[in-house]
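K.L.:
Chains as they are written, first to last, in our numbering: chain A, 1 to 82; chain B, 83 to 164; chain C, 165 to 310; chain D, 311 to 456. Note that CB positions come from ideal geometry on N, CA and C, so glycine has one too.
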Amino acid sequence: MLDVLYFAWVRERIGIPREQVETQAATVAELVEELKAREERYAAAFADPSALRVALDQELRDFDAPLAGVREVAFFPPMTGG
Amino acid sequence: MLDVLYFAWVRERIGIPREQVETQAATVAELVEELKAREERYAAAFADPSALRVALDQELRDFDAPLAGVREVAFFPPMTGG
Amino acid sequence: MRIAVQEDPFDLGAESEAFARNCAGMGAVVTFTGIVRDLDGALTAMEIEHYAGMTERAITGIAEKAMARWGLGDVLVIHRHGRLKPGERIMMVATAARHRKDAFEAAEYLMDYLKSRAPFWKKEITARGAGWVAAREEDEAALNRW
Amino acid sequence: MRIAVQEDPFDLGAESEAFARNCAGMGAVVTFTGIVRDLDGALTAMEIEHYAGMTERAITGIAEKAMARWGLGDVLVIHRHGRLKPGERIMMVATAARHRKDAFEAAEYLMDYLKSRAPFWKKEITARGAGWVAAREEDEAALNRW
């Protein structure tokens, strides 16, 4: 079981800030494909992966990073701090 | 009559912070030659003009600047503000 | 080094004074303060969302890199989240170094990384509606200089 | 724009707070504070001489150039003269701009020009004697970037 978190407009499009996901996905990219296949709101949120960033256990990673051992996955748009 | 001012180690070498100078010098460089000819302490202070800066009426200028119309000449080492 | 992620306002004057007071041996202190601009009166509020679990860790990593790279005497980062009004201060950084060049560079480095690598997202609320602030290409490009 | 050349200490916290408060429409405030370093305990005092008639005029010229070049919302320069002890604040600058890049650049520009073009001279007093601080070639070279 993965904790999957959504922030900013990703959260708004999907409609929830976090959920638990049962998955066999080996990488972030595979997880994204599984989520996109679920419902239109996921497909809309993940339509353009280049517009998204991902953190695994609170560290920024790439979409081809493996999920083995990961407990928390977060998807969000490019950050706008400062 | 010119007011001539000295700052920092130029002031210390010459021994006074300011004086009035009667001169016919046309440029700063000519004034420097006149002052150097006066006494050893002036010669020491002006030995290396590249180590000095000059301001005419409180504006930084070059040593070949004309003195016509100038009332105040200041000599000092490169500044160390900030 | 102090990192604070908070909803409450911070006291810029007191923080600046305290930071500069605790930098024995340092000759240069630089601060940066980010303020909510009013966008010519159109802005009602700025909402700042953040990733609570990750924010402090990410900022600490950025600050530690700056401390080491420029041999800083100290670093301070304060960043707010929640709903802010135009004119309110969003965040500040402070750096202390022996010489001015290092203090400036480290502060710019912190700002560039906080901008694009700390998990905050800004939403502008105006009378016409609300919209997420888009990341700017030049902010991402600014990271390349480090 | 405010330029102050003074012997008395200044209140860094109050100055920073007041400066940031008076910058409507500006999103970025940068401050720099210069502090007398103790040189590993060897320094007794720092004496700062200045050219009273010229100092304020020279600083005003530098600040006006920065205001125009970066479209700043405001500029503050405070510079002390006289005898200062290690740890005392020598001077500060503050800049306000719409975006951070301009605020940083303008503050660095002010510092580079104050360093080499404002008529101040520093003398270090130590137990072994006193000596004028020599201008550094890199400070003069720093002007070339502007």
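Along the region 8-40 of chain A, where does the CB come closer than 7 Å to a CB of chain C? Name the residues.
P.N.:
If the cut-off is 7 Å between Cβ atoms, the region 8-40 of chain A has ALA8 and TRP9 near chain C.
K.L.:
Output, in sequence order along the chain, the residues in the region 259-277 of chain C whose CB is closer than 7 Å to any CB in chain A.
P.N.:
Listed by position, the residues of the region 259-277 of chain C near chain A (Cβ gap below 7 Å) are MET275.
K.L.:
Taking DSSP as the reference, what is the three-state secondary structure of TRP310 (chain C)?
P.N.:
Locating residue 310 (chain C) in the third sequence gives position 146, counting from the first residue. Coil.
K.L.:
Looking only at its chain, what residues have a beta carbon closer than 8 Å to the beta carbon of PRO429 (chain D), apart from the 5 residues adjacent to it on each side?
P.N.:
The residue given as residue 429 (chain D) occupies position 119 in the fourth sequence. Result list for PRO429 (chain D): HIS360, TYR361, MET364, THR365 and ALA368, in chain order.
K.L.:
Check whether the Cβ of THR23 (chain A) sits closer than 8 Å to any heavy atom of the ligand NAD, and report yes or no.
P.N.:
Among the components of this structure there are no ligands whatsoever, and the ligand NAD is therefore not found.
K.L.:
Whole beta strand (DSSP E) runs in the region 338-401 of chain D with 3 or more residues, listed along the chain?
P.N.:
List check, beta strand (DSSP E) in window: 338-345, 353-360, 384-390 and 392-394.
K.L.:
Span of the beta strand (DSSP E) holding ASP85 (chain B)?
P.N.:
Taking the second sequence and counting its residues from 1, one reaches residue 85 (chain B) at position 3. Segment 84-88, the beta strand (DSSP E) holding ASP85 (chain B).
K.L.:
Which residue wins for smallest C-alpha separation from ALA108 (chain B), given the options B:ALA156, B:VAL152, B:GLY97 and B:PHE158?
P.N.:
Within the second sequence, numbered from 1, the residue matching residue 108 (chain B) stands at position 26. Of B:ALA156, B:VAL152, B:GLY97 and B:PHE158, the residue nearest in Cα terms is B:VAL152.
K.L.:
For chain D, is any of its Cβ atoms less than 9 Å away from the one on MET161 (chain B)?
P.N.:
Indexing the second sequence from 1 puts residue 161 (chain B) at position 79. True, the Cβ-Cβ gap to chain D drops below 9 Å.
K.L.:
With the cut-off set at 9 Å, would you say ILE388 (chain D) and MET402 (chain D) are in Cβ contact?
P.N.:
As a working mapping, residue 388 (chain D) is identified with position 78 in the fourth sequence. As a working mapping, residue 402 (chain D) is identified with position 92 in the fourth sequence. Result yes, Cβ atoms of ILE388 (chain D) and MET402 (chain D) sit closer than 9 Å.
K.L.:
Evaluate THR259 (chain C) with the Cβ neighbour count: other Cβ atoms within 10 Å of its Cβ, from every protein chain shown; 16 or more gives buried, anything less gives exposed.
P.N.:
Position 95 of the third sequence, counted from the start, is the residue given in the question as residue 259 (chain C). With 16 or more Cβ atoms within 10 Å of its Cβ, THR259 (chain C) is classed as buried.
K.L.:
Is GLU288 (chain C) close to chain D? Criterion is C-beta to C-beta, closer than 9 Å.
P.N.:
Position 124 of the third sequence, counted from the first residue, corresponds to residue 288 (chain C). No - not a single Cβ of chain D is within 9 Å of the one on GLU288 (chain C).
K.L.:
By DSSP, does PRO319 (chain D) sit in helix, in strand, or in coil?
P.N.:
Looking up residue 319 (chain D) in the fourth sequence gives position 9. It is coil, neither helix nor strand.
K.L.:
Would you call ALA44 (chain A) buried or exposed, if buried means 16 or more other Cβ atoms sit within 10 Å of its Cβ?
P.N.:
Numbered from its first residue, the first sequence carries residue 44 (chain A) at position 44. Exposed, since its Cβ has fewer than 16 Cβ neighbours within 10 Å.
K.L.:
Identify the continuous alpha helix (DSSP H) that holds GLU112 (chain B) and give its terminal residues.
P.N.:
Translated into positions along the second sequence, residue 112 (chain B) becomes position 30. Element bounds for GLU112 (chain B): 110-120.
K.L.:
PHE320 (chain D) touches chain B at which residues, Cβ-Cβ below 8 Å?
P.N.:
Position 10 of the fourth sequence, counted from the start, is the residue given in the question as residue 320 (chain D). Correct list: empty, because the minimum Cβ distance to chain B is about 15 Å.
K.L.:
Inspect the beta-carbon positions of ILE345 (chain D) and GLU415 (chain D) and report whether they are closer than 9 Å.
P.N.:
The residue labelled residue 345 (chain D) in the question sits at position 35 within the fourth sequence. The residue labelled residue 415 (chain D) in the question sits at position 105 within the fourth sequence. No, these two residues do not count as a Cβ contact at 9 Å.
K.L.:
At a CB-CB cut-off below 8 Å, which residues of chain B make contact with ALA428 (chain D)?
P.N.:
Residue mapping note: residue 428 (chain D) aligns to position 118 of the fourth sequence, counting from 1. Going along chain B in sequence order, the residues near ALA428 (chain D) (Cβ under 8 Å) are MET161, GLY163 and GLY164.
K.L.:
Among the residues of its own chain, which have a CB less than 7 Å from the CB of ALA445 (chain D), if the five just before and after it don't count?
P.N.:
Working through the fourth sequence from its first residue, we reach residue 445 (chain D) at position 135. So the list reads SER426, once near-sequence residues are dropped.
K.L.:
Please go through the same chain and pick out, in chain order, the residues whose beta-carbon is closer than 7 Å to the beta-carbon of THR290 (chain C), but skip the five residues on each side of it.
P.N.:
Position 126 of the third sequence, counted from the first residue, corresponds to residue 290 (chain C). Here the set comprises ALA206, LEU207 and THR208.
K.L.:
Nearest CA to the CA of ALA306 (chain C): which residue from C:VAL297, C:LEU278 and C:ARG292?
P.N.:
For this step, residue 306 (chain C) is matched to residue 142 along the third sequence. Among C:VAL297, C:LEU278 and C:ARG292, the Cα nearest to that of ALA306 (chain C) belongs to C:LEU278.
K.L.:
Would you list the one or two residues that DSSP bridges to TRP9 (chain A)?
P.N.:
Working through the first sequence from its first residue, we reach residue 9 (chain A) at position 9. Bridge partners of TRP9 (chain A): none, in fact.
K.L.:
Does any C-beta atom of chain D lie closer than 9 Å to the C-beta of GLY198 (chain C)?
P.N.:
Counting from one through the third sequence, the residue named residue 198 (chain C) turns up at place 34. Yes, GLY198 (chain C) lies at the interface with chain D (some Cβ there is under 9 Å from its Cβ).
K.L.:
Any Cβ of chain C within less than 9 Å of the Cβ of PHE63 (chain A)?
P.N.:
Indexing the first sequence from 1 puts residue 63 (chain A) at position 63. Taking Cβ atoms only, chain C never reaches closer than 9 Å to PHE63 (chain A), which makes this a no.
K.L.:
What does the Cβ neighbour count give for ALA227 (chain C), buried or exposed, with the cut at 16 atoms within 10 Å?
P.N.:
Within the third sequence, numbered from 1, the residue matching residue 227 (chain C) stands at position 63. Result: buried.
K.L.:
So for GLU59 (chain A), helix, strand or coil by DSSP?
P.N.:
Counting from one through the first sequence, the residue named residue 59 (chain A) turns up at place 59. Residue state, collapsed to three classes: strand.
K.L.:
Helix, strand or coil: how does DSSP classify GLU447 (chain D) here?
P.N.:
Taking the fourth sequence and counting its residues from 1, one reaches residue 447 (chain D) at position 137. It is helical.
K.L.:
Shorter than 9 Å from the beta carbon of GLU181 (chain C) to some beta carbon of chain D?
P.N.:
Here residue 181 (chain C) refers to the residue found at position 17 of the third sequence. GLU181 (chain C) counts as touching chain D.
K.L.:
Taking only beta-carbon atoms, is ALA445 (chain D) less than 9 Å away from chain C?
P.N.:
The residue labelled residue 445 (chain D) in the question sits at position 135 within the fourth sequence. By this cut-off, ALA445 (chain D) is not an interface position.
K.L.:
If you measure from the beta carbon of ALA376 (chain D) to each beta carbon in chain C, is any gap under 9 Å?
P.N.:
Counting from one through the fourth sequence, the residue named residue 376 (chain D) turns up at place 66. Taking Cβ atoms only, chain C never reaches closer than 9 Å to ALA376 (chain D), which makes this a no.
K.L.:
What in chain A is Cβ-close to ARG221 (chain C), meaning under 9 Å?
P.N.:
Sequence index remark: in the third sequence, residue 221 (chain C) carries index 57 (1-based). Ordered by position in chain A, the residues that pass the 9 Å Cβ test against ARG221 (chain C) are GLN58 and GLU59.
K.L.:
Within 9 Å of any Cβ in chain C, is that where the Cβ of ARG390 (chain D) sits?
P.N.:
The residue you call residue 390 (chain D) lines up with position 80 of the fourth sequence. For ARG390 (chain D), the answer is no, since every Cβ of chain C falls outside 9 Å of its Cβ.
K.L.:
Just by C-beta distance, which residues in the region 187-215 of chain C are closer than 9 Å to chain D?
P.N.:
Flagged, chain order: CYS187, ALA188, GLY189, MET190, GLY191, ALA192, VAL193, VAL194, THR195, PHE196, THR197, GLY198, ILE199, VAL200, ARG201, ASP202, LEU203 and ASP204.
K.L.:
Measure from the C-beta of ALA45 (chain A) to each C-beta in chain C and report whether the shortest distance is under 9 Å.
P.N.:
The count along the first sequence starts at 1 and reaches residue 45 (chain A) at position 45. No - not a single Cβ of chain C is within 9 Å of the one on ALA45 (chain A).
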